[in-house]
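Novice:
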Amino acid sequence: MVTRIIAEARGRVEDKQLQREYQRFRQSGLGSYGAEGVQMRRATTVRRLFPQRIDFARKAAVVGGLELSDLAAYPVARAVINQNWTNPATQVVLRKLSALIQFP
Numbered sequence: 084m085v086t087r088i089i090a091e092a093r094g095r096v097e098d099k100q101l102q103r104e105y106q107r108f109r110q111s112g113l114g115s116y117g118a119e120g121v122q123m124r125r126a127t128t129v130r131r132l133f134p135q136r137i138d139f140a141r142k143a144a145v146v147g148g149l150e151l152s153d154l155a156a157y158p159v160a161r162a163v164i165n166q167n168w169t170n171p172a173t174q175v176v177l178r179k180l181s182a183l184i185q186f187p
């Protein structure tokens, strides 16, 4: 069970948009997100496993998890944009993430 989700604050409008999308995700389940096995998660399961809302932290707060996500996000985003997953940085991140992520 995830007890808290912290996202880096971007601005009032962007934060509200992300919170709104998160609420849609909690209400509807994972039908339009992720891999096929993940998409089968029902809304009731999602609401049971994830907190009611996202908390936002400013960059100045230096939250360790946000720093790690910044390090992971760039190589993955570049791989998606370029359609090239062979970059060594991307491979390292993917190995680390696949070792960490376990869905119920």
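The sequence shown begins at 84 in my numbering and counts up one residue at a time.
Just so you know, even glycine gets a beta-carbon here, dropped at the ideal spot from N, CA and C.
Distance check for Q110 and A131, CA to CA, integer angstroms please.
Specialist: It should be noted that the sequence gives Arg, not Ala, for residue 131. Straight-line Cα distance between these residues: approximately 11 Å.
Novice: In angstroms, rounded to a whole number, what distance separates the CA positions of Q135 and G94?
Specialist: Distance between the alpha carbons of Q135 and G94: 20 Å.
Novice: Comparing alpha-carbon positions, which option in R178, F139 and F108 lies nearest A92?
Specialist: With distances taken between Cα atoms, A92 lies closest to F139.
Novice: Does the beta-carbon distance from V159 to V176 come in below 9 Å?
Specialist: The answer is yes: Cβ separation under 9 Å.
Novice: Taking the Cβ atom as the reference point for each residue, do A126 and G112 lie within a distance shorter than 9 Å?
Specialist: Yes. Within cutoff.
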